[in-house]
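Residues in the sequence shown are numbered consecutively from 2, following my numbering. Quick notes on the structure that follows.
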Amino acid sequence: MRTHEILIILLFIALAIAAPATARYVSPEGSNAGINPGDTVFNGEQGINFSKFQPLLPLAPPLWLACDDGGSALAMQTLDNRAVMTGRVNVESAYIDRPFRLYNGSWGDAICTVSRPSGTIEVRTGTALGTDVDPSITDTKTPAIIPATINVQFKLDATNLNNGNFISPWYEYKLMTPGGVPLSTVTNMAGTAVPITGLTGNPSASNNTLAFSIADQNLNPEEGTYVMRFSAYNGNNAFYTVDYPFDVVRYFLTASVSPANVQEDETTTLTIAGKPFTHYTIAIEDAMDGKPELQPSGNYDIYVDKYNATVHPDWSGTVSVPLYLPPTYGDSSSTTRIYYPKVYETGNPSTYVTAQIVVEPGKTQDIVLYGNKLGDDEYYCLGDKVKISGTLGAPAKHEMELYFYLKGLNIDLNGAKPSNPSISVIDGDNSTFDVITISKEQTEFSYDWVTGNLGLSPDTYTIFATTKPLGYNSRPLSENEVKDYISFDLNEPSINVKFPDEAPGVFAQGDHIVSLWTARGSPAQMGYNGKIRYYIFGENFKYTNFRQFPLLKVDADATQAQLKVLAETNDFPGYSGLDLPRSFSSNISSGEYIVVYQHPMYNQKFDLLPVEGDAYTGFITKVVTSDNQTIDISTLQAPEAANALKSALKSPSIDDTLVTQTYVIEKPLVNIQPILDFEVGEQIPVTGTTNLECPISYTYNQIDLPGDRILFSIYSADMYYSGKTQSTNRIFSDESYPRKTKIGAASRDISFTIPVDISQKMKPGDYIAVIKCEDIKYETTTPFTLHEEGYRKEHGAAAPGTGEEFSQNPVVASEMPTEITSTPEPQSRPVHSVTDVPTRTPEQTAGFGPIIHILIVMLAFCVLPCIKRR
Numbered sequence: 002m003r004t005h006e007i008l009i010i011l012l013f014i015a016l017a018i019a020a021p022a023t024a025r026y027v028s029p030e031g032s033n034a035g036i037n038p039g040d041t042v043f044n045g046e047q048g049i050n051f052s053k054f055q056p057l058l059p060l061a062p063p064l065w066l067a068c069d070d071g072g073s074a075l076a077m078q079t080l081d082n083r084a085v086m087t088g089r090v091n092v093e094s095a096y097i098d099r100p101f102r103l104y105n106g107s108w109g110d111a112i113c114t115v116s117r118p119s120g121t122i123e124v125r126t127g128t129a130l131g132t133d134v135d136p137s138i139t140d141t142k143t144p145a146i147i148p149a150t151i152n153v154q155f156k157l158d159a160t161n162l163n164n165g166n167f168i169s170p171w172y173e174y175k176l177m178t179p180g181g182v183p184l185s186t187v188t189n190m191a192g193t194a195v196p197i198t199g200l201t202g203n204p205s206a207s208n209n210t211l212a213f214s215i216a217d218q219n220l221n222p223e224e225g226t227y228v229m230r231f232s233a234y235n236g237n238n239a240f241y242t243v244d245y246p247f248d249v250v251r252y253f254l255t256a257s258v259s260p261a262n263v264q265e266d267e268t269t270t271l272t273i274a275g276k277p278f279t280h281y282t283i284a285i286e287d288a289m290d291g292k293p294e295l296q297p298s299g300n301y302d303i304y305v306d307k308y309n310a311t312v313h314p315d316w317s318g319t320v321s322v323p324l325y326l327p328p329t330y331g332d333s334s335s336t337t338r339i340y341y342p343k344v345y346e347t348g349n350p351s352t353y354v355t356a357q358i359v360v361e362p363g364k365t366q367d368i369v370l371y372g373n374k375l376g377d378d379e380y381y382c383l384g385d386k387v388k389i390s391g392t393l394g395a396p397a398k399h400e401m402e403l404y405f406y407l408k409g410l411n412i413d414l415n416g417a418k419p420s421n422p423s424i425s426v427i428d429g430d431n432s433t434f435d436v437i438t439i440s441k442e443q444t445e446f447s448y449d450w451v452t453g454n455l456g457l458s459p460d461t462y463t464i465f466a467t468t469k470p471l472g473y474n475s476r477p478l479s480e481n482e483v484k485d486y487i488s489f490d491l492n493e494p495s496i497n498v499k500f501p502d503e504a505p506g507v508f509a510q511g512d513h514i515v516s517l518w519t520a521r522g523s524p525a526q527m528g529y530n531g532k533i534r535y536y537i538f539g540e541n542f543k544y545t546n547f548r549q550f551p552l553l554k555v556d557a558d559a560t561q562a563q564l565k566v567l568a569e570t571n572d573f574p575g576y577s578g579l580d581l582p583r584s585f586s587s588n589i590s591s592g593e594y595i596v597v598y599q600h601p602m603y604n605q606k607f608d609l610l611p612v613e614g615d616a617y618t619g620f621i622t623k624v625v626t627s628d629n630q631t632i633d634i635s636t637l638q639a640p641e642a643a644n645a646l647k648s649a650l651k652s653p654s655i656d657d658t659l660v661t662q663t664y665v666i667e668k669p670l671v672n673i674q675p676i677l678d679f680e681v682g683e684q685i686p687v688t689g690t691t692n693l694e695c696p697i698s699y700t701y702n703q704i705d706l707p708g709d710r711i712l713f714s715i716y717s718a719d720m721y722y723s724g725k726t727q728s729t730n731r732i733f734s735d736e737s738y739p740r741k742t743k744i745g746a747a748s749r750d751i752s753f754t755i756p757v758d759i760s761q762k763m764k765p766g767d768y769i770a771v772i773k774c775e776d777i778k779y780e781t782t783t784p785f786t787l788h789e790e791g792y793r794k795e796h797g798a799a800a801p802g803t804g805e806e807f808s809q810n811p812v813v814a815s816e817m818p819t820e821i822t823s824t825p826e827p828q829s830r831p832v833h834s835v836t837d838v839p840t841r842t843p844e845q846t847a848g849f850g851p852i853i854h855i856l857i858v859m860l861a862f863c864v865l866p867c868i869k870r871r
């Protein structure tokens, strides 16, 4: 044989191997049983013929179809001597979609793939099959219920069966009916009887010829459970079957609402039942106010307006849309109303139904304002912030507005805006009301009404709350005892000032200057704080400042959270006062001063200020009014300066008020009563009077002063005069605070006690008591003599502090009873510091006698020359 002939034969063999056939062929085993190299076969197939897989030199029996796993034969399927499958293809999952070849110990060359058949039945419908709407991509393709009158096509979803290269009828459908009669032929949507067996082509493709409705099959019974079965086969052997069960019903148009009984300003749901993917129109044709509204954001096919829209049911046969029941005005909001929304088939308006909605008077619109929580001795003044709180009759269904309006003296009959009473209420105009927002599910609410600078006069006023922007004239009547209003008195702003009983207008230089005030009407309110300005006039002294203070009755440590809570149940007395620091009084001269307190009153602003402005504090020469008057007070003395301020406030455009007080600044002073006739071993009381500061505490006026701490120390006279006042030379020390001023008294009491145990250690002789107050840098001394035991008996002196003569039966120191007193606080607090008292030499004489004699002699020497010159 020639070389080129051999090459041609080899080329034909190579082409036979490299280019397998693209379709199955008819074999003695069946129409699609012949398998060409490259074809896909499926688990479950039987009687398939692999004879074309034999190589040029055929493999001898026994034969298998096996997975070639790197030369190893796996998942072996038995073939007969003709290379025909003796049973069904049954390959495990691990070997699915892998190459298989003929095998008998050696391998054939041709390859096929073994797959597991896939694909489930789905339902197709849409405008191509006669509906008004195509299903959306989110609509199911496997509905459990199919309407009897809708055209559908049963087909497979994505499937691998098309990979089998079938060339002749290879699949079929069979419809099992509720009556048990299987259908292999159906009347399609065109009215043509078509078989659903012996089918070819792609079973996943859309095919209108195979579309039909159950109603067109004239079955009895028509409604019930059906099963559509798909089968794939080769020859007469079905190798893959899948069922799709479904129910068939006839849909009739109905409409319902849930809940059927609602309140206005609520939403209910309209549910339409009808044929899937068919247009239905909703028409709200009621003539009554407050009729249902279709919200623009609903699930509509066509939205015309809030009273007309078109929708369609999905496979469930239902579609739902929200209907909003808007608020109504006037007395109609307190009556029960019924509405009848209409639904009809868009393509057939004569087919319609209506639903019924009953709208009852709503509980959400029922508002209860809580009563006034002030105590019997509490009240509001113009300028205060009034907390108005209440509750709705039911939790808010959604976010909503609550409206407030005011009634009272010189207020429009329909009401006025509380925050600006000059604006009369206009029904339906939200801007003429004060408005707060209520959140969904909220019940409790509160509203703050600031009464300052509104042009109101002292009187009784009423605040109304409503869920609709309607004034008093449109306020609906109610059968229920619902209190949607609250009334309270607003009194005139005021300021009352006094000096504390403990400090009745007289202060020592270096001490605090203190007064107490009650400032009603929340002067110059900023949050929970107010402000009072004051002026102090004295001889060539003119000063101004202001004090900010809490309006509520609280101490200085109250937090913002505590203030917020207190503001809901308390009035605003504005307790505070002056508390000028020590440095202030220490730098001014002693004498009389006038303090002028300024309250801004109704308009909440100071109409009289230093020319430097509202924030200025310090010495002043001029003040200016809000109507541009400038008053020069630089040359005026205290009374004239105070009168000038009062005169400036006489302008009708100024509403501020002034209150004055007079106080005196004195030089600090401590007077100790003489310490006379005490003997060694006795308890020695030391008493006196002072104008120094006693403890002053007014918690709610933010004033808490401990008073001046006065120190009492004892030194021997010789040590003191020799300058030896170190603590090591101090015999005893004590401290005390001035007692509170007695009513009508010109000074305060001060006392110390030298206890028995100290007196016992002291020697008879002369001593110096040093009284010192470091708080104000004040110091004074008191000398006294301590006598030996028996001194009073020997000299016939009265007992100290009693006025009685010396007792014939004295009580010795160790037997003295403990003194029980009712001395008001604070009592002295002794600090025992005892040193050895120096022993006197015989030449030292007790007492001040020698000193006095020397002074007399010296005086005589001075006087005689003067007499001689005359």
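The beta carbon of each residue, even a glycine, is placed where N, CA and C say it ideally should be. These numbers were taken from a predicted model, which means no experiment stands behind them.
Mark I673 as exposed unless 16 or more other C-beta atoms lie within 10 angstroms of its C-beta, in which case mark it buried. buried
Do you know offhand how far W316's Cα is from T121's? 19 Å
Beta-bridge partners of C113, as assigned by DSSP: F101
Straight-line Cα distance separating N349 from V27: 55 Å
Where do the N-terminal and C-terminal ends of the beta strand (DSSP E) with P148 fall, by residue? 146-148
Measure from the alpha carbon of T1 to the alpha carbon of each residue in I666, I676, Y544, Y664, then state which is nearest. For residue 1 there is no data in the structure shown, the boundaries of the chain being 2 and 871.
Sequence-distant residues of the same chain with beta carbon closer than 8 Å to S423, five excluded per side: A417, G456
Closer than 7 Å by C-beta to A642: which residues in its own chain qualify, once you throw out the five before and the five after it? Chain order, please. F538, K543, I634
Bridge partners - D135, DSSP secondary structure assignment: In DSSP, D135 forms no bridge with anything.
Here's a check: name, in chain order, each residue in its chain whose Cβ is nearer than 8 Å to the Cβ of D657, leaving out the five neighbours to either side. Q599, H600, P601, M602, F607, D608, L609, L650
At the level of alpha carbons, what is the spacing between L375 and D490? 11 Å
Throw me the rounded Cβ distance for the N152 and F213 pair, which I believe falls under 8 Å. 6 Å
By DSSP, does A509 sit in helix, in strand, or in coil? strand
Less than 7 Å between C-beta atoms, sequence neighbours within five positions excluded: which residues of the same chain meet that for G429? P470
N50 to I36, Cα distance in whole Å? 6 Å
Could you say if the stretch 390-401 and the stretch 571-589 meet the contact criterion of at least three C-beta pairs nearer than 8 Å? no
Quick check: the stretch 751-762 against the stretch 676-688, are at least 3 beta-carbon pairs closer than 8 Å? yes
Using beta carbons (cut-off 8 Å, strictly below), is V228 in contact with chain C? You won't find chain C in this structure, because it holds only one protein chain.
Closest to S627 by C-alpha separation, out of I621, L637, G614, A639, would be which residue? G614
Whole-angstrom C-beta distance between K773 and L712, which should lie under 8 Å: 5 Å
Just the Cα atoms here: how many angstroms apart are N497 and M401? 44 Å
Need the endpoints of the beta strand (DSSP E) that V566 sits in, please. Where V566 is concerned, there is no enclosing beta strand (DSSP E), although the alpha helix (DSSP H) it sits in stretches over 561-567.
Where I496 falls: helix, strand or coil (DSSP): strand
Under 8 Å, do D512 and I777 count as touching if we go by C-beta distance? yes
Would you decide whether S185 is buried or exposed? Buried here means 16 or more other CB atoms lie within 10 Å of its CB. exposed
Does DSSP put R548 in a helix, a strand or coil? strand
M720 - containing beta strand (DSSP E), residue span: Premise fails: M720 lies in the alpha helix (DSSP H), 718-722, not in any beta strand (DSSP E).
Closer than 8 Å is the cut-off here; do at least three beta carbon pairs connect the stretch 246-257 with the stretch 96-105? no
Using a threshold of 8 Å, state whether the C-beta atoms of A310 and I273 are closer than that. no
Tell me which residues share the same chain as T392 and place their Cβ nearer than 6 Å to its Cβ, disregarding the 5 neighbours each side in the sequence. V369, T444, E445
What residue ranges within the stretch 346-432 form continuous beta strand (DSSP E) runs of no fewer than 3 residues, ordered along the chain? 349-355, 358-361, 368-370, 386-393, 401-408, 421-425
If you draw a straight line from the alpha carbon of G71 to that of D140, how long is it in whole angstroms? 47 Å
To which residues of the same chain is K386 closer than 6 Å at the C-beta, ignoring the five residues directly before and after it? D449, V451
Under three-state DSSP, which class holds A274? strand
Taking the continuous alpha helix (DSSP H) assigned at V757, which residues delimit it? 757-762
Go through the stretch 195-220 residue by residue and report every complete run of the beta strand (DSSP E) that reaches 3 residues or more, in order. none
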